[in-house]
Amino acid sequence: MSVVSADVLPSGPLAVPEATASGAAELGPKARLWPSMAAVYRAQLSRARVARIPLLFVATFQSVGILIMMRGVVDGGSHDAQFVVAGSSVLVVAYVGLNLLAQYFGQLRGSGGLDHYATLPVPPAAVVLGAAGAYASFTVPGTALTAVFGCVLFGLPMGNIWILAPVIPLAGAALAGLGAALGLLAPRPELATLLGQLGMSAALLLGVLPADRMPEAVRFLRDLVPSTYGVEAFAQTFGAHPDWALVLGDLAVCAGVGVVSLAVATWAYRRAAVR
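Residue 262 in full-length UniProt numbering is what sits at position 262 of the sequence shown, and the numbering runs on without skipping anything.
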């Protein structure tokens, strides 16, 4: 048997790579936020499409029922009618974005489903934003249908109904972030469901009637509900000469609350995923 010196062994591609100084393999780059969020959004959208359509029908039917009920006590074309139509329309967003998302994250945490997301190489914010965006997307047809039906029922103009284009995503972001935070912070799924129902009830009771119809203490509570700013923005566009500065201000409040609520939901997700 001949012995070959180590000096003549090949040092090119066939050579065995040396171990790194740390002894650990180099990891790939971290997943970026927006591609990860888009992937979670598509997965949630395809998963919830069949399961959530019946619930969306319930949300729309509930808002249409409120419009029909209020038509018996509110005059068509009046100032109160503007808030009834706007509040009933935004209520669809509250039902899906706040109530259902609180239930979803509460059940996900209670069943250990967060462990699956924790193993994915995606940022926590992508999971929260993707799920919130998917649930908010389901509110678009129901909200538009409720608004059109309400305008016809109460004799309101539909020339500025395009304002729903910014109202739905901004109010949806604020309510979806709040719903996700409630579901992730609740210690039990049952409590998450209860909190989601209470939040939706607050959006219903405080958003359907104008503030000047309520006592002073109730007005303060109304200002704490983020959906009321979407209602205000939508209701103000029914007038002959809308104050667009106030509309933009209400939309800005929705956007600010949405950023804060989604940030809190992301923190709650990290907190729940490491437990």
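Glycine is no exception: its CB is placed at the ideal position from the N, C-alpha and C atoms.
Please go through the same chain and pick out, in chain order, the residues whose beta-carbon is closer than 6 Å to the beta-carbon of residue i, but skip the five residues on each side of it.
i           : result
residue 129 : 37
residue 183 : 102, 105, 106, 192
residue 199 : 98
residue 266 : 124, 125, 128
residue 66  : 88
residue 229 : 250, 253, 254
Give the C-beta separation of residue i and residue j to the nearest angstrom, bearing in mind that I take them to be a contact with Cβ-Cβ under 8 Å.
i           : j           : result
residue 96  : residue 138 : 5 Å
residue 171 : residue 90  : 6 Å
residue 236 : residue 248 : Not a contact, Cβ separation roughly 10 Å.
Roughly how many angstroms lie between the CA atoms of residue i and residue j, to the nearest whole one?
i           : j           : result
residue 102 : residue 177 : 9 Å
residue 196 : residue 220 : 21 Å
residue 77  : residue 120 : 52 Å
residue 216 : residue 92  : 26 Å
residue 225 : residue 168 : 15 Å
residue 53  : residue 213 : 35 Å
residue 223 : residue 113 : 35 Å
residue 202 : residue 227 : 9 Å
residue 253 : residue 234 : 13 Å
residue 131 : residue 148 : 27 Å
Put residue i into one of helix, strand or coil per three-state DSSP.
i           : result
residue 239 : coil
residue 113 : coil
residue 138 : coil
residue 59  : helix
residue 165 : helix
residue 179 : helix
residue 65  : helix
residue 85  : helix
residue 75  : coil
residue 155 : coil
Can you find the residues in the same chain that come closer than 7 Å, C-beta to C-beta, to residue i, ignoring five residues on each side of it along the sequence?
i           : result
residue 271 : none
residue 21  : Below a pLDDT of 50, predicted positions are generally treated as unreliable, and residue 21, at 49, falls in that range; the measurement from the model is reported next regardless. For residue 21, where only same-chain residues beyond five positions count, there are no Cβ hits under 7 Å.
Among the options, which residue has its Cα nearest to the Cα of residue i?
i           : options            : result
residue 250 : 163, 140, 208, 125 : 163
residue 123 : 40, 161, 185       : 40
residue 144 : 190, 118, 181, 57  : 57
residue 82  : 210, 64, 173       : 210
residue 240 : 68, 79, 204        : 79
Tell me which residues share the same chain as residue i and place their Cβ nearer than 8 Å to its Cβ, disregarding the 5 neighbours each side in the sequence.
i           : result
residue 157 : 151, 238
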